[in-house]
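Residue numbers for the sequence shown follow our numbering, so the first one is 204 and each next one is one higher.
The beta-carbon is built from N, C-alpha and C at its ideal position, and this holds for glycine as well.
Since we're looking at a predicted model, the values are computed, not measured.
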Amino acid sequence: MRSTEAFFKVLVFGVVITYLWIAPYTKVEESFNLQAIHDILNYGIFPSSQIELYDHKSFPGVVPRTFIGSLLISTAAMPIIKGLQFFGINLLEGDQSNLQLLVRLLIGVANVHSFNNLATSVNKIDFQARKNKRPSHIGTCYLLLLLSQFHILFYASRPLPNFIALPFFNFGLSKI
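In C-alpha coordinates, the structure reads:
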(Lines of atoms letter the chains of each structure in order from A and count residues from 1; the text may use other names and numbers.)
(Lines give C-alpha, C1' and ligand atoms only; values in the text may rest on other atoms or scores of the structure.)
Protein backbone atom coordinates (compact mmCIF):
# COMPACT_ATOMS: atom_id res chain seq x y z
CA MET A 1 0.00 0.00 0.00
CA ARG A 2 1.31 3.39 -0.96
CA SER A 3 1.81 6.04 1.68
CA THR A 4 -0.71 8.39 0.02
CA GLU A 5 -3.47 5.82 0.22
CA ALA A 6 -2.49 4.91 3.79
CA PHE A 7 -2.66 8.60 4.72
CA PHE A 8 -6.18 8.90 3.28
CA LYS A 9 -7.29 5.74 5.09
CA VAL A 10 -6.13 7.20 8.40
CA LEU A 11 -7.73 10.52 7.48
CA VAL A 12 -11.11 8.83 6.89
CA PHE A 13 -10.87 7.33 10.39
CA GLY A 14 -9.89 10.71 11.83
CA VAL A 15 -12.84 12.47 10.20
CA VAL A 16 -15.33 9.89 11.49
CA ILE A 17 -13.88 10.18 15.02
CA THR A 18 -13.99 13.98 14.79
CA TYR A 19 -17.67 13.92 13.82
CA LEU A 20 -18.35 11.50 16.68
CA TRP A 21 -16.56 13.81 19.11
CA ILE A 22 -18.12 17.11 18.02
CA ALA A 23 -21.66 15.72 17.60
CA PRO A 24 -22.03 13.07 20.33
CA TYR A 25 -25.80 13.26 20.66
CA THR A 26 -28.28 11.26 18.62
CA LYS A 27 -31.45 12.01 16.70
CA VAL A 28 -34.83 10.37 17.09
CA GLU A 29 -34.20 8.07 14.10
CA GLU A 30 -31.35 6.49 16.04
CA SER A 31 -33.36 5.87 19.19
CA PHE A 32 -34.65 2.39 18.32
CA ASN A 33 -31.23 0.80 17.87
CA LEU A 34 -29.66 2.77 20.69
CA GLN A 35 -32.42 1.77 23.12
CA ALA A 36 -32.20 -1.85 21.94
CA ILE A 37 -28.42 -1.85 22.51
CA HIS A 38 -28.97 -0.31 25.94
CA ASP A 39 -31.52 -2.97 26.87
CA ILE A 40 -29.38 -5.86 25.62
CA LEU A 41 -26.30 -4.62 27.48
CA ASN A 42 -28.12 -3.75 30.70
CA TYR A 43 -30.63 -6.61 30.93
CA GLY A 44 -29.12 -9.31 28.72
CA ILE A 45 -31.05 -11.77 26.59
CA PHE A 46 -31.04 -14.83 28.88
CA PRO A 47 -33.26 -15.91 30.54
CA SER A 48 -36.05 -14.87 28.21
CA SER A 49 -37.87 -13.23 31.11
CA GLN A 50 -35.25 -10.45 30.88
CA ILE A 51 -36.73 -9.43 27.53
CA GLU A 52 -39.87 -8.34 29.36
CA LEU A 53 -37.78 -5.51 30.85
CA TYR A 54 -36.96 -4.10 27.40
CA ASP A 55 -38.31 -0.66 26.60
CA HIS A 56 -39.66 -2.01 23.30
CA LYS A 57 -42.03 -4.35 25.13
CA SER A 58 -43.72 -1.33 26.75
CA PHE A 59 -43.49 0.93 23.68
CA PRO A 60 -43.35 -1.34 20.62
CA GLY A 61 -43.64 1.46 18.06
CA VAL A 62 -45.63 1.53 14.87
CA VAL A 63 -43.30 -0.46 12.64
CA PRO A 64 -41.89 -3.84 13.71
CA ARG A 65 -38.08 -3.84 13.58
CA THR A 66 -35.27 -6.30 14.03
CA PHE A 67 -32.83 -6.49 16.91
CA ILE A 68 -30.14 -8.28 14.88
CA GLY A 69 -27.97 -5.20 14.30
CA SER A 70 -28.31 -4.13 17.91
CA LEU A 71 -27.45 -7.64 19.08
CA LEU A 72 -24.29 -7.69 16.93
CA ILE A 73 -23.14 -4.32 18.24
CA SER A 74 -23.91 -5.33 21.83
CA THR A 75 -21.92 -8.53 21.34
CA ALA A 76 -18.94 -6.53 20.08
CA ALA A 77 -19.23 -4.00 22.92
CA MET A 78 -19.52 -6.49 25.79
CA PRO A 79 -15.84 -7.62 25.89
CA ILE A 80 -14.74 -3.99 25.93
CA ILE A 81 -17.21 -3.17 28.71
CA LYS A 82 -16.04 -6.18 30.75
CA GLY A 83 -12.40 -5.22 30.17
CA LEU A 84 -13.04 -1.68 31.37
CA GLN A 85 -14.90 -3.04 34.42
CA PHE A 86 -11.76 -5.02 35.27
CA PHE A 87 -9.96 -1.67 35.55
CA GLY A 88 -12.75 -0.14 37.62
CA ILE A 89 -14.56 1.73 34.82
CA ASN A 90 -18.22 0.74 34.62
CA LEU A 91 -19.98 2.09 31.54
CA LEU A 92 -23.28 0.49 32.61
CA GLU A 93 -23.70 2.83 35.58
CA GLY A 94 -24.74 6.46 35.67
CA ASP A 95 -26.01 8.30 32.62
CA GLN A 96 -24.26 5.88 30.21
CA SER A 97 -23.29 8.60 27.74
CA ASN A 98 -19.83 7.01 27.50
CA LEU A 99 -21.51 3.72 26.62
CA GLN A 100 -23.29 5.52 23.78
CA LEU A 101 -19.94 6.87 22.56
CA LEU A 102 -18.40 3.38 22.73
CA VAL A 103 -21.25 1.90 20.70
CA ARG A 104 -21.00 4.66 18.12
CA LEU A 105 -17.22 4.23 18.00
CA LEU A 106 -17.66 0.52 17.22
CA ILE A 107 -20.10 1.31 14.40
CA GLY A 108 -17.71 3.96 13.08
CA VAL A 109 -14.70 1.63 13.19
CA ALA A 110 -16.66 -1.08 11.36
CA ASN A 111 -17.69 1.38 8.66
CA VAL A 112 -14.19 2.88 8.29
CA HIS A 113 -12.73 -0.61 8.01
CA SER A 114 -15.27 -1.45 5.30
CA PHE A 115 -14.48 1.79 3.41
CA ASN A 116 -10.76 1.03 3.54
CA ASN A 117 -11.33 -2.59 2.52
CA LEU A 118 -13.37 -1.40 -0.44
CA ALA A 119 -10.59 1.02 -1.46
CA THR A 120 -8.08 -1.84 -1.41
CA SER A 121 -10.43 -4.02 -3.46
CA VAL A 122 -11.07 -1.46 -6.19
CA ASN A 123 -7.32 -1.17 -6.72
CA LYS A 124 -7.32 -4.82 -7.75
CA ILE A 125 -9.79 -4.27 -10.60
CA ASP A 126 -7.67 -1.73 -12.48
CA PHE A 127 -6.76 -4.09 -15.32
CA GLN A 128 -4.60 -1.58 -17.18
CA ALA A 129 -2.44 -0.95 -14.11
CA ARG A 130 -2.09 -4.69 -13.47
CA LYS A 131 -1.13 -5.26 -17.08
CA ASN A 132 1.58 -2.59 -16.92
CA LYS A 133 2.66 -3.57 -13.37
CA ARG A 134 1.88 -0.09 -12.00
CA PRO A 135 0.05 0.68 -8.80
CA SER A 136 -3.60 1.63 -9.21
CA HIS A 137 -4.93 4.99 -8.06
CA ILE A 138 -8.62 4.07 -8.08
CA GLY A 139 -8.66 3.30 -4.35
CA THR A 140 -7.05 6.64 -3.55
CA CYS A 141 -9.59 8.43 -5.76
CA TYR A 142 -12.39 6.55 -3.98
CA LEU A 143 -11.05 7.70 -0.60
CA LEU A 144 -10.76 11.30 -1.84
CA LEU A 145 -14.35 11.16 -3.06
CA LEU A 146 -15.41 9.69 0.29
CA LEU A 147 -13.58 12.46 2.16
CA SER A 148 -15.33 15.10 0.07
CA GLN A 149 -18.75 13.82 1.18
CA PHE A 150 -20.10 15.10 4.49
CA HIS A 151 -23.07 12.79 4.83
CA ILE A 152 -21.51 9.35 4.74
CA LEU A 153 -18.66 10.09 7.13
CA PHE A 154 -20.89 12.02 9.54
CA TYR A 155 -23.41 9.18 9.73
CA ALA A 156 -20.79 6.40 9.69
CA SER A 157 -20.85 6.19 13.49
CA ARG A 158 -24.60 6.61 13.90
CA PRO A 159 -26.79 3.71 15.11
CA LEU A 160 -29.07 3.83 12.08
CA PRO A 161 -30.12 0.55 10.45
CA ASN A 162 -28.57 1.41 7.09
CA PHE A 163 -25.21 2.34 8.64
CA ILE A 164 -25.22 -0.77 10.80
CA ALA A 165 -25.74 -2.83 7.62
CA LEU A 166 -23.27 -0.80 5.51
CA PRO A 167 -20.09 -2.66 6.59
CA PHE A 168 -21.66 -5.96 5.56
CA PHE A 169 -22.72 -4.51 2.21
CA ASN A 170 -19.27 -3.03 1.59
CA PHE A 171 -17.64 -6.35 2.49
CA GLY A 172 -19.84 -8.16 -0.02
CA LEU A 173 -19.19 -5.50 -2.66
CA SER A 174 -15.44 -5.77 -2.13
CA LYS A 175 -15.58 -9.49 -2.90
CA ILE A 176 -17.19 -9.07 -6.33
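Taking just the CA atoms, how far does residue j sit from residue i?
i: F372; j: P227; result: 25 Å
i: L304; j: S277; result: 13 Å
i: Q299; j: L321; result: 33 Å
i: L287; j: P362; result: 22 Å
i: S273; j: L350; result: 27 Å
i: V219; j: N365; result: 16 Å
i: A280; j: I248; result: 15 Å
i: L309; j: Y257; result: 22 Å
i: P250; j: I379; result: 41 Å
i: V325; j: L369; result: 17 Å
Counting C-beta neighbours from all protein chains within 10 Å, is the total for residue i 16 or more, i.e. buried, or is it exposed?
i: F262; result: exposed
i: S339; result: buried
i: E232; result: exposed
i: G217; result: exposed
i: F211; result: buried
i: L356; result: buried
i: G291; result: exposed
i: I243; result: buried
i: V315; result: buried
Closest to residue i by CA distance: which of the options is it?
i: V246; options: K260, S234, E233; result: Reading the sequence as shown, one finds Tyr at residue 246 and not Val. Y246 has its Cα closest to that of K260, out of K260, S234, E233.
i: L376; options: N319, R268, I355; result: N319
i: Y166; options: A239, H241, I271, A313; result: In the structure displayed, the chain extends from 204 to 379; residue 166 sits before or after that span and is not available.
i: S360; options: E208, S324, Q253, L237; result: L237
i: N301; options: E208, H241, G264, G342; result: H241
i: L214; options: L369, A368, Y345, V266; result: Y345
i: I271; options: G311, F235, N326; result: F235
i: I367; options: G311, F289, S324; result: G311
i: R205; options: K334, G342, L348, H354; result: G342
i: K230; options: A209, E255, L348, R307; result: R307
Comparing the CB of residue i with every heavy atom of the ligand ADP, is any distance shorter than 7 Å?
i: G342; result: No copy of the ligand ADP appears in this structure; indeed no ligand is present at all.
What alpha helix (DSSP H) runs, 4 residues minimum, are completely inside the segment 273-300?
Counting whole runs of 4 or more residues, the segment 273-300 contains no alpha helix (DSSP H) stretch at all.
Unbroken stretches of the alpha helix (DSSP H), 4 residues or longer, contained in the segment 226-254:
List check, alpha helix (DSSP H) in window: 234-246.
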